[in-house]
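**Student:**
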Amino acid sequence: MQNFINISELLTALNREKELLSEMFGKRKSIDYKYSDAIELVDFDENRLEFLIQKEVIRENNELLELSDTYLEFFEQILGVNEEINAAYIDESIQKIKENIDYFLNENNPARKHAYLMVIKNTFRKIGKITYRSVIDLRRNVENTFKNEPNYKNKQLKLKNLDEKRALIKSLIHQTLVLTDNDERTFYNRASDSELKLIIVDLKIQLNECSHNLIEIERQIIDYLNQIDLQGAFLEKLRKIKYLKDHFTLEAETNIRQVLSQRNHVLFEKRIAEPLPLSLDFLRNDDTAFESIKRIAEKHKNRLKEQPVLADQISNESLENEVEEEIMVDFEAIKNYFIATSQDLFQFLMNYDFLTPMSFDDRVTIYCQMASQYEQDFEITEEFAVEDTIEYAIIYPK
Amino acid sequence: MTKYVADIFEILRRGQFICDNSPNQEMQTLYNIMEDKNTFEDLYDYFKQINYILEHGNGYFYFSRKEKNTDLDRKLNKAFEWIDWLDFLKSYDNTFDVGFRFTPADIASQLKNNADLKNKLENLKNIRGNKRSHDERIRKIIDKLEKENFIALEEEISETYKVLNSFHYLKDLVSIINISEEIDNEIPE
């Protein structure tokens, strides 16, 4: 491992690889970062990656690359997105103050005394800031865990761990307050530094605020844990019941019949329409009722009109039996008679006795019908004769 | 006696709930009136005389009766249907609970990446049939939930529904069912 020689070298290196680093930082949780992905971001220059690995900015692990812990932590801290709440740091700081107070009290040289005092002041300031940050981080992490952690058991465990962290921070705040209020009175008397007093007052204000926040966080965690318990238990129960239902054993294996038979809630009932008759008095006396009646009557009238108009009775005459006579001409018989004669068809028909009076026109019609019907049996000549206004072909039997 | 007796009666006797968190202003008014201890007692006595028992749940009111008015089969059918609904809704989002807000489109989009949910939707009784599309099925189940007063339309334009306090009723029912111990251990994880 090689260290960076100075800040400017470090910053230059980081600046040169800012694309790669920001990409790796952004994806630190979502994907494993592959060597091949990284090489693209450094213009395919393996030396550049090698340099970062040598300086332990990133670490190589098989084919994968990751930001080294020191840098990851640094970036997270600076950007305020860290998930680790480092309470140990506060503890360390308290120890450091105690040690330095001892040194301060033992030291006689004013210049060195001053140096120790500086350390103490700085550390106090730091404690305030770090505690405050921790509380903010804690709150954010509690919310994130509750809202985003999909695994129920892990959600519960994580929240419990966060709760422990909360307790730790609380005890550290208490220790700090003991340190500023009760312990080391001699030191405060001897130091009598106005800036130190100011710092301590600020620190107390900050810690006070933190305590209030912690109380709220504690309430929140308890609430979340309870919700998870309830939710989890309910989901589990529902899953089981659904399982039994789908296997048609719900009725047999549970007390559902009993439970339901004890429940006479109206929502189980069918919704029945109630056909209530109207009060007659109301119909008689109320104006609005009268209006309604008129309206309905109107409709009713229309409905009558729509009914089909009845026809008159059928007269008896129409129902009586009637005989209708029709004259039938037996063409076949006429043909046979005709074949037996030697007359032409027209003359034959003109003289034929039909037993009923037949007009000239009727006879002409019969002539035409016979001619077309028995064409094969007759000999239709080319000769024509004229009778009345009609010119006709002379037809003989064959 | 409050002047809202008739309003209250009309809602409750249809088997509906009066919920504290209903988006409907009228319901909220009614709830607030009924929540007053004296009014509640008055109403309780009053309805008791006509064989309705006014019940106060966790943020909701409903009616029950002294005597059985429906057969057990009908109740069982209803309860089975509710279990299916609950199972479906909890699969959609396991935080689905009182106060939860959702739109039909939310459920539809969830269907795409949750095969289990899709399967459940397709197997829901009384919803399937007629080869309905998924959207229609979702709408159907939402309609049913709304009709039975467990959810209410909060915002018409975005079609946002809100889960009402009456949802506690369904959860209570599930909680109250006891599974016999032997079987409890046999159900696979």
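Listed in order, the protein sequences are those of chains A and B. Numbers given in my numbering equal positions in the first sequence, counted from 1, plus 1304. Numbers given in my numbering equal positions in the second sequence, counted from 1, plus 55. Every residue gets a Cβ at the ideal spot worked out from N, C-alpha and C, and that includes glycine. Quantities reported herein were computed from a predicted structural model and do not represent experimental measurements.
1) Mapping the DSSP letters down to three states, classify N124/B as helix, strand or coil.
2) Return yes when the C-beta of G114/B is under 7 Å from any heavy atom of the ligand NAP, and no when it is not.
3) Can you pull the chain B neighbours of Q1535/A, defined as C-beta to C-beta under 9 Å?
4) Do we get a CB-CB distance below 8 Å when we pair R1567/A with the residues of chain B?
5) I'd like to know whether the C-beta atoms of S146/B and L172/B end up nearer to each other than 8 Å.
6) Classify F1664/A as buried or exposed, calling it buried when 16 or more other Cβ atoms lie within 10 Å of its own Cβ.
7) Looking only at its own chain, which residues have a Cβ that is under 7 Å from the Cβ of E1555/A, when we skip the five neighbours before and after it?
8) With a threshold of 16 other CB atoms inside 10 Å of the CB of K1457/A, please say whether the residue is buried or exposed.
9) Cβ of V1563/A less than 8 Å from any chain B Cβ?
10) Just confirm the distance between the C-beta atoms of Q1358/A and Q1306/A, as a whole number of angstroms; I'd bet it's less than 8 Å.
11) Does the beta-carbon distance from V1361/A to R1352/A come in below 8 Å?
12) From the DSSP output, which residues share a beta bridge with P1701/A?
13) Does DSSP classify S119/B as helix, strand or coil?
14) If you measure between the beta carbons of L1325/A and G1432/A, is that distance less than 8 Å?
15) What would DSSP say about L1582/A, mapped onto helix, strand or coil?
16) What are the start and end residues of the beta strand (DSSP E) that includes V1613/A?
17) Return the CA-CA distance between N94/B and Q83/B, expressed in angstroms with no decimal places.
18) With a threshold of 8 Å between beta-carbons, can A134/B be considered close to chain A, or not?
19) Just to confirm, is the Cβ distance from N106/B to E1573/A under 8 Å?
20) What are the residues of the segment 1538-1562 of chain A that lie near chain B, defined by any Cβ-Cβ distance shorter than 8 Å?
21) For T253/B, which of helix, strand or coil comes out of DSSP?
22) Hey, out of T215/B, V218/B, D139/B and I193/B, whose CA is closest to H1551/A's CA?
23) Can you give the beta carbon distance from T1435/A to Q1510/A, rounded, assuming they're within the 8 Å contact cut?
24) Using beta-carbon positions only, say whether P159/B and I197/B come within less than 8 Å of one another.
25) What residue range does the beta strand (DSSP E) around N1365/A cover?
26) At a cut of 8 Å, does the segment 108-124 of chain B reach the segment 216-226 of chain B through at least three beta carbon pairs?
27) For chain A, is any of its Cβ atoms less than 8 Å away from the one on N124/B?
28) List the whole-angstrom C-beta distance separating K1430/A from S1475/A, where the pair is believed to meet the contact cut-off of C-beta under 8 Å.
29) Could you tell me if A1415/A is buried or exposed, where buried requires 16 or more neighbouring beta carbons within 10 angstroms of its beta carbon?
30) Distance check for I162/B and W137/B, CA to CA, integer angstroms please.
31) Could you spell out where the alpha helix (DSSP H) holding E1447/A opens and where it closes?
32) What do you reckon, are the CB atoms on M1674/A and K1702/A nearer than 8 Å?
33) Return the bridge partner residues of I234/B from the DSSP annotation.
34) Does the beta carbon of R129/B sit closer than 8 Å to a beta carbon anywhere in chain A?
35) For L1529/A, which residues of its own chain have a beta-carbon under 6 Å away from its beta-carbon, when the five flanking residues on both sides are left out?
36) How many whole angstroms separate the CB atoms of T1558/A and I231/B, which I take to be in contact at a CB cut-off of 8 Å?
**Tutor:** For this structure:
1) coil
2) For the ligand NAP, the structure offers nothing, since it holds no ligand at all.
3) N149, T150 and D152
4) Against chain B, the CB of R1567/A has a partner CB under 8 Å away; the residue lies at that interface.
5) The Cβ atoms of S146/B and L172/B lie closer than 8 Å to each other.
6) exposed
7) Only R1561 meet the Cβ criterion.
8) exposed
9) yes
10) 5 Å
11) no
12) F1682/A
13) strand
14) no
15) coil
16) First-last for V1613/A: undefined, no H or E at that position.
17) It is worth fixing the name first, because residue 94/B is Thr in this sequence and not Asn. Spanning the two alpha carbons is a distance of roughly 15 Å.
18) yes
19) no
20) Result list: F1538, L1539, K1541, L1542, R1543, K1544, I1545, K1546, Y1547, L1548, K1549, T1553, L1554, E1555, E1557, T1558, N1559, I1560 and R1561.
21) Since the first residue shown for chain B is 56 and the last is 244, residue 253/B is missing from the structure and cannot be characterised.
22) D139/B
23) Indeed, because the Cβ distance is near 7 Å, the residues count as touching under 8 Å.
24) yes
25) I1362 to N1365
26) Touching, per the Cβ criterion.
27) yes
28) Actually they are not in contact, since the Cβ atoms of K1430/A and S1475/A sit about 18 Å apart, beyond 8 Å.
29) Residue burial is scored here from C-beta neighbours: A1415/A has fewer than 16 other C-beta atoms within 10 angstroms and is therefore classed as exposed.
30) 18 Å
31) P1414 to N1452
32) no
33) In DSSP, I234/B forms a bridge with T1558/A.
34) It does: the Cβ of R129/B has a partner Cβ on chain A nearer than 8 Å.
35) L1463
36) Contact flag wrong, Cβ pair sits at about 10 Å.
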